[in-house]
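In our numbering, the protein residues as written are 120 to 279. For glycine and all other residues, C-beta sits at the position ideal for the given N, C-alpha and C. Model, not experiment: these values are computed from the prediction. Just below is one structure, and these are the notes that go with it.
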């Protein structure tokens with residue numbers, strides 16, 4: 120199984136305790152390493168549903184799911200979770216949203232939704248697009264969020 124791997128890849132595949140972060144450039148075998156490590160963990164008794172493999176893109180997640188399926192075959196009833204960071208976080212939100220005081224039915228807005236709302240808000244407060252574009256407003260809000268500025272503070276600073 121590990122014959123075609125380099126030393127660092129072998130170490131990643133055969134290290135069975137704790138979490139593993141695989142960082143490498145495109146085409147260097149990250150998906151193969153993670154897939155083989157999942158198989159190795161299961162071979163050594165780790166329950167598949169206790170394994171979480173996350174990646175950034177839907178394409179990478181889909182490819183990893185396919186490869187994990189090929190390596191594990193149909194012999195397993197339960198599968199490890201393989202998906203994107205965003206999909207995993209959405210799954211956590213859906214499971215625990217009531218604890219945060221929100222209803223079970225909620226929506227997550229994408230960039231297009233955000234720009235549409237920003238456009239409506241700017242229109243409502245009569246700020247023309249030549250003064251402030253929706254994308255610029257979203258950048259300002261993002262900056263406030265990055266600096267942990269609360270809405271009340273942001274409103275106060277915007278009025279001065």
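Residue i versus residue j: straight-line alpha-carbon distance, rounded
i           : j           : result
residue 286 : residue 227 : Missing from the structure shown is residue 286; the chain here goes from 120 to 279 and no further.
residue 186 : residue 277 : 51 Å
residue 215 : residue 252 : 35 Å
residue 204 : residue 270 : 27 Å
residue 147 : residue 127 : 11 Å
residue 240 : residue 218 : 30 Å
residue 250 : residue 238 : 12 Å
residue 244 : residue 159 : 59 Å
residue 254 : residue 235 : 10 Å
residue 189 : residue 162 : 15 Å
Simplified DSSP assignment, three categories, for residue i
i           : result
residue 206 : helix
residue 251 : coil
residue 144 : coil
residue 167 : helix
residue 188 : helix
residue 193 : coil
residue 246 : coil
residue 261 : helix
residue 212 : helix
residue 231 : helix
residue 268 : coil
residue 135 : coil
residue 219 : helix
residue 241 : helix
Residues that DSSP places opposite residue i in a beta bridge
i           : result
residue 174 : 203
Selection from the options that minimises the alpha carbon distance to residue i
i           : options            : result
residue 202 : 260, 154, 160, 176 : 176
residue 157 : 191, 145, 143      : 191
residue 149 : 161, 166, 136, 131 : 131
residue 224 : 230, 261, 213, 232 : 213
residue 151 : 273, 274, 129, 222 : 129
residue 153 : 260, 247, 141      : 141
residue 137 : 165, 155, 275      : 165
residue 232 : 174, 257, 272, 125 : 257
| field | the segment 196-205 / the segment 154-172 touching (three or more Cβ pairs under 8 Å) | value | For the pair of segments examined, the segment 196-205 was found to touch the segment 154-172: the number of CB pairs separated by less than 8 Å reaches three.
| request: Please determine if the segment 177-186 and the segment 208-217 are in contact, where contact requires at least 3 C-beta pairs separated by less than 8 Å. | output: These segments do not touch.
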